[in-house]
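For the sequence shown, position 26 matches number 26 in the UniProt record's numbering, and the numbering has no gaps at all. Single-structure report; data block below.
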Amino acid sequence: MDFRLPDELQMLQKTIRKFVEKECLPLEQHLCNTDPDWVELPEDEYSRISNKLKENGLWALTTPVELGGGGVGPMGMVIAQEEKSKTTIGTAHHSPFGGEPPGILYKAKDEQIEKYLLPMIRGEKRSAMANTEPAAGSDAAAIQTTAVKQGDHWVINGTKLFSTLADRADFLFVTAVTDKEKRGRGGITMFLVDADTPGFKVNRKVPVIRPQYSTELLFDNVVVPDSQILGEEGQGFNLFKEWAAYGRIRMAATCLGMAQRALEMSIRHAKQRETFGKTLAQRQAVQWMLVDSAVEIKTARLLTHETAWRLEQGEDVLEEASMCKLYATEMAFKVVDRAIQIHGGMGLTKELPLERWFRDIRVMRIVEGATEIQKFIIARKMLR
């Protein structure tokens, strides 16, 4: 069994790492000093980095080659995502590392391809997921939003909550009940809804503990044609689960990047910082904190790489994806917390990315299925 990355993935890893060090870290430090609670990059910086990514062949990495992308699979996605996530530039909601639509959008057909898929690959359109509701979070099949068939159109009514930056989206992935008897077993459909559709409204922004915010969305007799169904009628719940499973692996890789850089920052600081005539690195209490972080990161990386590899082989990895999300988010939270502790007062400042990651990861322990829901998914599979 060979645990080494193939040559092409090692090259991808090195290329992104160099790009992050050269282009992203200086910008990150500038933003920490000038606008520490930034939500999106200034447009000129977004364009500059996006163009450089395209010049270096790093745009649309996971997009199929036939659509102009890099064609890397799940393993490549994980490798790239870890490196990108070592900077807050790479973990921004509207990151310049773009051209990678949600995988479920490849289910697009006919005019949906020209209207949504290709513009997202080119970086011309943004999307948002609208699934969570005030009374339906982790229990995604309990949504109350409905879509009623009227001729060749559907009328959508309901409220969605915690849709990240939906006010900046050009269109939304909207789940709605189309058969109240079947619900999660063929009674939920996913629609592509343009943000300018009459009856759709971003009702309010919902502040959260991270710099990004969420939104509450209202659908009041929103009329969409049959052609706006993604996939097939009744497949919406399965599409959402597919989106969530891939997203959980991606989130685990994001946590790896944050945690790895936090550890590297901690090691560097521990070697330099002196207290009472000794460096922090000479103190066993700090050594053990660093060791715990290193072991936990490596464990999470092995778990995530194995899951991505299995997905690349075509296996069903719903349970493993939950393990990745569960372990990596909890791991990263502890690693970043230790890093803040090792940095002392400086760790609390917004001059370093640590406190931002601390807030980001706290959110990640809940979104896309809370820690307890991941345990529920794993236990259900184990106890069948």
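Note that the Cβ used here is the ideal one computed from N, Cα and C, for glycine as well.
query	result
Cβ pair Gly-90, Val-20 closer than 8 Å	yes
Range of the contiguous beta strand (DSSP E) that encloses Trp-154	153 to 160
Coil, strand or helix - Pro-119 by DSSP	helix
7 Å Cβ shell around Trp-357 - same chain, five flanking residues per side excluded	Met-258, Ala-262 and Val-336
Ile-249: first and last residue of the uninterrupted beta strand (DSSP E) it sits in	Premise fails: Ile-249 lies in the alpha helix (DSSP H), 236 to 272, not in any beta strand (DSSP E).
Straight-line Cα distance separating Pro-119 from Phe-171	11 Å
Pairwise C-alpha distance: Phe-173 and Ala-136	16 Å
Residue closest to Val-148, alpha-carbon to alpha-carbon, out of Gly-123, Val-177 and Phe-162	Val-177
Cβ neighbours of Trp-309 in the same chain (closer than 7 Å, five flanking residues each side left out)	Met-75
Element boundaries [alpha helix (DSSP H), containing Phe-333]	318 to 343
Nearest-angstrom Cα separation, counted from Val-206 out to Thr-329	23 Å
3-residue-minimum beta strand (DSSP E) runs that sit fully inside the stretch 38 to 96, ordered along the chain	none
Met-190 (DSSP reduced to helix, strand or coil)	strand
Status (buried if at least 16 other CB within 10 Å, exposed otherwise) for Lys-109	exposed
Residues near Thr-88 by beta carbon distance below 7 Å, same chain, minus five either side	Glu-28, Pro-353 and Arg-356
For Phe-3, three-class secondary structure by DSSP	coil
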